[in-house]
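Undergrad:
Numbering (the numbering used here), first residue to last: 16 to 162.
1. With DSSP collapsed to three states, give me the class of residue 103.
2. With DSSP collapsed to three states, give me the class of residue 81.
3. According to DSSP, is residue 112 helix, strand or coil?
4. Any contact of the region 46–58 with the region 103–119, i.e. 3+ C-beta pairs under 8 Å?
5. Compare the C-alpha of residue 163 against each of 109, 50, 54 and name the closest.
6. Under 8 Å, do residue 88 and residue 144 count as touching if we go by C-beta distance?
7. How about residue 104 and residue 147: are their beta carbons less than 8 Å apart?
8. Closest to residue 70 by C-alpha separation, out of 153, 161, 159, 157, would be which residue?
9. So the candidates are 52, 113, 42; which of them puts its Cα closest to the Cα of residue 137?
10. Alpha carbon to alpha carbon, how far is residue 72 from residue 151? Give it in angstroms, no decimals.
11. For the alpha helix (DSSP H) that residue 48 lies in, which residues bound it at each end?
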């Protein structure tokens, strides 16, 4: 009986230790999808371009909007769903009218509030966004035009 007791204690201690390490936040993806739909209907989220996407571990893919005429982009508002325990890396690309590109990457808290990513008002022909988060959730980016 004594020889069995030590391995059982060791396995129990390891299981307890691993349970403490598995505090990875989770997101209710259905609620996040409903939030994305509501944000898309929010007139305050209107801008030069509004780009919504599902994000998660690894790349979310790129969502892009092209403009018929050049638009001055002064910033982008990025928001995501997930609570204060989840952060997302957001990359916004502005393809300038002269063929150049400006890229800014910020980390934002997924608290559903807009977080401003500033640009310099350059005349743009397109804007794109991508993002990643440690868990599946939704990201919404609105490019803000001059004036």
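Every residue, glycine too, gets a C-beta built ideally from N, C-alpha and C.
TA: On the basis of the coordinates in this document:
1. DSSP, reduced to helix, strand and coil, places residue 103 within a strand of the structure shown.
2. Correct three-state label for residue 81: strand.
3. Three-state result, residue 112: coil.
4. With fewer than three CB-CB distances shorter than 8 Å, the region 46–58 does not count as touching the region 103–119.
5. Because the chain spans 16 through 162 in this model, residue 163 falls outside it and cannot be assessed.
6. In this structure, residue 144 does not lie closer than 8 Å to residue 88 by Cβ.
7. In this structure, residue 104 lies near residue 147, with their beta-carbon atoms less than 8 Å apart.
8. Looking at the Cα atoms, 153 is the closest of the given residues.
9. The shortest Cα separation from residue 137 among 52, 113, 42 belongs to 113.
10. Looking at the two C-alpha atoms, the distance is approximately 7 Å.
11. Start and end: 44–55.
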